[in-house]
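The structure under discussion appears below in the form of structure tokens.
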Amino acid sequence: MTDELKKRLLEDVVIFSGKEEVRTGAELLAPDHSPRERYRTDSLPSRGALHVKTDLQRQVEQFLFYQAELLDTKNWQAYIDLFATEGVYWMPARPEQTEWMDSPSIFAEDRELMSVRMGRITHPNAWSQAPLWATNHLIANVVIEDLADAWVCVRSRFQVQELRRDAVRSLSGVYRHRLLRRGEDFQIELQRVDLMNAQAPFDYTLQAWV
Amino acid sequence: MRPIEHLVEPDRVHRTVYTDQEIFDREIEQIFEKVWVYCGHESQVKAPGDYYTVQIGRQPMIMVRDRAGGINVLHNRCPHRGVELCGALSGNTGSSFVCSYHAWSFHLDGSIRGIPLPQGYEGTRMNPANPDCSMKRAARVGIYRGFVFASLASDGPSLEEFLGDARIAFDDMCDRSPEGEVEIVPVCHRVIQHSNWKFFMENQLDALHPSVTHQSTGVSASKIERRLKGEGREAPLYYHYLSTFASSFDQWDSVQTVNFPRGHGILKGYMGLRPNDPDTQQYTEAMHRAYGAERAEQYLGRSIHHVLIYPYLSVQSPLQQLRCLRPVAPNKTLSEIWHFRLKGVSPAIYRRSMWYFNLVNSPATMINADDLENWTKGQWGLESNGGEWVSFHRNYGRDTRDGDTTYSNNGTSEVVMRNQFDAWSKYMSRE
Chain A
531 MTDELKKRLL EDVVIFSGKE EVRTGAELLA PDHSPRERYR TDSLPSRGAL
581 HVKTDLQRQV EQFLFYQAEL LDTKNWQAYI DLFATEGVYW MPARPEQTEW
631 MDSPSIFAED RELMSVRMGR ITHPNAWSQA PLWATNHLIA NVVIEDLADA
681 WVCVRSRFQV QELRRDAVRS LSGVYRHRLL RRGEDFQIEL QRVDLMNAQA
731 PFDYTLQAWV
Chain B
177 MRPIEHLVEP DRVHRTVYTD QEIFDREIEQ IFEKVWVYCG HESQVKAPGD
227 YYTVQIGRQP MIMVRDRAGG INVLHNRCPH RGVELCGALS GNTGSSFVCS
277 YHAWSFHLDG SIRGIPLPQG YEGTRMNPAN PDCSMKRAAR VGIYRGFVFA
327 SLASDGPSLE EFLGDARIAF DDMCDRSPEG EVEIVPVCHR VIQHSNWKFF
377 MENQLDALHP SVTHQSTGVS ASKIERRLKG EGREAPLYYH YLSTFASSFD
427 QWDSVQTVNF PRGHGILKGY MGLRPNDPDT QQYTEAMHRA YGAERAEQYL
477 GRSIHHVLIY PYLSVQSPLQ QLRCLRPVAP NKTLSEIWHF RLKGVSPAIY
527 RRSMWYFNLV NSPATMINAD DLENWTKGQW GLESNGGEWV SFHRNYGRDT
577 RDGDTTYSNN GTSEVVMRNQ FDAWSKYMSR E
């Protein structure tokens, strides 16, 4: 080690932040540069209706599980029949969308349009259905957000694996069901599906309801 | 790579034009990084600092509104060490771009604004007067009726020359607004095609495929449409969007194409988009008031299904949507799907075209599901050695040439592909 190097290594400096008048480099150069949304505290999710009775919670969960099972077993008509006459399946393109009729959507289907989709998937010349195709749904984090005598609003999270040809892809997101109470059973008035990757590129299309 | 004249013959092309990496690289250089490429619509960047990122060929770019109200298209790259400047798809960047690495900052026109500790550059050749210190700009930016294009080549045809008669795509879309303008709907669906970009461009004007490829959806939709009508209920117009796919070969053969220089073209209308309901009547009246009866009828009566701007854009002007291709690899193409709102029309008229966006162009499309399947399978076939040539013989020699435009006499004529490859050869043969 040379004397010069020994000398240089003894020259220490300590820099520190924390003084309010010190601004960081980027802030100093362009204080209005703020491309990201600020951290928000005004939109906490609902803790759910904690007073919900266990049996209602269980009925709702069983309904969601059954719905998923109908999709995975390709019982399309039985799936459609879970929807009320005016029921709607809606997958918005963006999470901030609030109504299905006038929003550009990924899915926006009443029972009639669902019947069109079912007719397509089950047609012998639905070419895209020729390769292997199957799904596997898992539903979790089921929270009853709100309820009244006639209806229940439920939030849940889904994880779907989809097999197509030789590849498996993963889809996930949030379901929000508005369910009409029919004794101990339910009918779907609105099923809102917010896919996590709704605005990311899709590797192939979504052929059936998620 | 074979010489171009050995790849493209008047009635057939060699399969490698869809599969070969070297040909793809040359396409990017000779076509996509030279021609006018669609970047977006003015209404996507309304306020100073608003930006959208966009890919031109292999180049990540930013379209940004500056303080003077102009739109710039810049390379999304810090000139210091190359770091991407905008990490989000879109947003507002304030009064400058700031690099996340060393805080070089740039005005909204790309010129250098500040460098930290600038004395460190004194006496070097990297100083603010050197253009290398600023973000690189697209060579040319052009706007046609609110649609923004950029070219990375400083010479070549003007935007209007490049678009030629296919500029009707944007005229037709805007003219259908009583105010003569559209604005973007801020939703972009992106779908990856596992096929060469040419599959999409050819398919768009291919009138033979719909009743085969889309049979399942066409048949299913027309069944429900008939049932609703049978029950005395109203079948919304959007059933018709789907059920027309179930038409016969002869019917499709009557839907003609118009083929322009540079590979552009038109598939003429076939959906009859002028129903006689109160919403439409009110809209027609508004159009008559805005333009006078004669011009309004000319605008509303145009027979266009969609217009192709070769080699990457399909504009469905009567329903205000467009699909833009960004080629990624010989066998991979990203499509971006946008929708526009006619200014000055009722929500009912907007809803009508939005439902086409939902049913046909969304990622849950009941139509393109089968197109994508075809193109993937087509790509695999052309990657195989099972045959060397792709046939475009249908109605060869039986189209009508008028000046530099070719009209099909049978809608299913493969003049579309022949015309596109004529343009392709010219682009690819340039020095």
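Protein sequence lines, in the order shown, are assigned to chains A and B.
Residues 531 to 740, numbered by this note's numbering, are exactly what the first sequence covers, in order.
Residues 177 to 607, numbered by this note's numbering, are exactly what the second sequence covers, in order.
Glycine included, every Cβ here is placed at the ideal spot set by N, Cα and C.
In this text, all values refer to a predicted model and were calculated from it rather than measured experimentally.
Own chain, CB closer than 6 Å to residue i, minus 5 neighbours either side, in chain order
i: B:L629; result: Since the first residue shown for chain B is 177 and the last is 607, residue 629 of chain B is missing from the structure and cannot be characterised.
i: A:W663; result: R694
i: B:R321; result: F346 and C350
i: B:S287; result: S310
i: B:G520; result: S353, P354 and E355
i: B:L495; result: S529 and Y532
Burial state of residue i (16 or more Cβ within 10 Å)
i: B:T173; result: Residue 173 of chain B lies beyond the range of chain B shown here (177 to 607); nothing can be said about it.
i: B:H575; result: Reading off the sequence shown, one finds Asp at residue 575 of chain B, where the question assumed His. Buried, since its Cβ has 16 or more Cβ neighbours within 10 Å.
i: B:K374; result: buried
i: B:P294; result: exposed
i: A:K536; result: exposed
i: B:D547; result: buried
i: B:A342; result: buried
i: A:H581; result: exposed
i: B:F200; result: buried
i: A:L540; result: exposed
i: A:A605; result: One point to set straight first is that residue 605 of chain A is Asn, not Ala, in the sequence displayed. Burial call: exposed.
i: A:D585; result: exposed
i: A:V690; result: buried
i: A:T603; result: exposed
i: A:R708; result: buried
i: B:S567; result: exposed
i: A:F732; result: buried
i: B:R450; result: exposed
i: B:M593; result: buried
i: B:Y277; result: exposed
i: A:E714; result: exposed
i: B:G394; result: buried
i: B:R502; result: buried
i: A:V543; result: exposed
i: B:F425; result: exposed
i: B:G245; result: exposed
i: B:I238; result: buried
i: B:H182; result: exposed
i: A:G617; result: buried
i: B:W565; result: exposed
i: B:F436; result: buried
i: B:M463; result: buried
8 Å Cβ shell around residue i - same chain, five flanking residues per side excluded
i: A:S576; result: V673, E675, D676 and R685
i: B:A205; result: In the sequence under discussion, the amino acid at residue 205 of chain B is Glu, which differs from the Ala named in the question. Correct list, in chain order: G233.
i: B:M302; result: D308 and C309
i: A:L725; result: M621, I636, L701, S702, G703 and V740
i: B:R178; result: H190 and T192
Neighbourhood of residue i by C-beta distance below 7 Å, restricted to the same chain and skipping five residues each side
i: A:L710; result: A614, A680, W681, F716, Q717 and E719
i: B:G270; result: G225
i: B:S605; result: I180
i: B:Y297; result: I291 and N303
i: A:E630; result: As written in the sequence, residue 630 of chain A is Trp, which differs from the Glu given in the question. V618, W620 and A638, listed in sequence order.
Cβ-heavy atom distance, residue i to the ligand NAP, below 7 Å
i: B:M237; result: This structure lacks the ligand NAP; in fact it carries no ligand of any kind.
**Complete runs of the beta strand (DSSP E) confined to the region 344-371 of chain B [at least 3 residues]** = 358-369
**Request:** Anything in the region 638-658 of chain A with a Cβ closer than 7 Å to a Cβ of chain B? List those residues in chain order, please.
**Result:** A638, E642, S645, V646, R647, G649, R650, H653, N655, A656, W657 and S658
**Asked** Does the region 640-660 of chain A come close enough to the region 536-551 of chain B to have 3 or more Cβ pairs within less than 8 Å?
**Response** yes
**Prompt:** Pairing CB atoms from the region 437-446 of chain B with CB atoms from the region 483-494 of chain B, are three or more of them under 8 Å?
**Reply:** yes
**Ranges of the alpha helix (DSSP H) found wholly within the region 534-580 of chain B, counting only runs of at least 4** = Taking 4 residues as the minimum length, the alpha helix (DSSP H) runs contained wholly in the region 534-580 of chain B are 544-559, in order along the chain.
**Item:** Short-range partners of chain A found in the region 481-515 of chain B, where Cβ spacing is below 7 Å
**Value:** Under the 7 Å Cβ criterion, the region 481-515 of chain B contributes L510 and H515.
**Asked** Which ranges does the beta strand (DSSP E) cover as unbroken runs of at least 3 residues, wholly within the region 422-448 of chain B, from first to last along the chain?
**Response** 433-435 and 441-443
**Request:** List in chain order: all unbroken beta strand (DSSP E) runs of 3+ residues lying wholly within the region 631-690 of chain A.
**Result:** For the region 631-690 of chain A, the full-length beta strand (DSSP E) segments reaching 3 residues or more read 635-640 and 663-677 along the chain.
**Request:** Mind checking the region 421-453 of chain B against chain A and listing, in chain order, the residues whose C-beta falls within less than 7 Å of any C-beta there?
**Result:** none
**Asked** Are three or more beta carbon pairs between the region 510-525 of chain B and the region 402-419 of chain B nearer than 8 Å?
**Response** No, the region 510-525 of chain B does not touch the region 402-419 of chain B.
**Request:** Say whether the region 353-363 of chain B touches the region 462-470 of chain B, bearing in mind that this needs 3 or more beta-carbon pairs closer than 8 Å, one atom from each stretch.
**Result:** The region 353-363 of chain B is in contact with the region 462-470 of chain B.
**Message:** Using a Cβ-Cβ cutoff of 7 Å, what residues of the region 515-546 of chain B are near chain A? List them in chain order.
**Reply:** If the cut-off is 7 Å between Cβ atoms, the region 515-546 of chain B has H515, P523, R527, M530, F533, N534, S538, P539, A540, T541, M542, N544, A545 and D546 near chain A.
**Asked** Which full runs of the beta strand (DSSP E) of 3+ residues lie inside the region 261-314 of chain B, going along the chain?
**Response** List check, beta strand (DSSP E) in window: 266-268 and 288-290.
**Asked** What residues in the region 377-388 of chain B have a beta carbon less than 7 Å from any beta carbon of chain A?
**Response** none
**Message:** If the cut-off is 8 Å on Cβ atoms, which residues from the region 601-619 of chain A count as contacting chain B, listed in chain order?
**Reply:** none
**Item:** Validate contact between the region 592-601 of chain A and the region 654-671 of chain A using beta carbons, cut 8 Å, 3 pairs
**Value:** yes
**Item:** chain A contacts from the region 397-410 of chain B (Cβ-Cβ distance under 8 Å)
**Value:** Against chain A - using a Cβ distance shorter than 8 Å - the residues of the region 397-410 of chain B are A397, K399, I400 and L404.
**Message:** If contact is defined by three or more beta carbon pairs under 8 Å, each pair taking one atom from either stretch, is the region 418-432 of chain B in contact with the region 578-587 of chain B?
**Reply:** Inter-segment contact for the region 578-587 of chain B and the region 418-432 of chain B is present: three or more beta-carbon pairs are separated by less than 8 Å.
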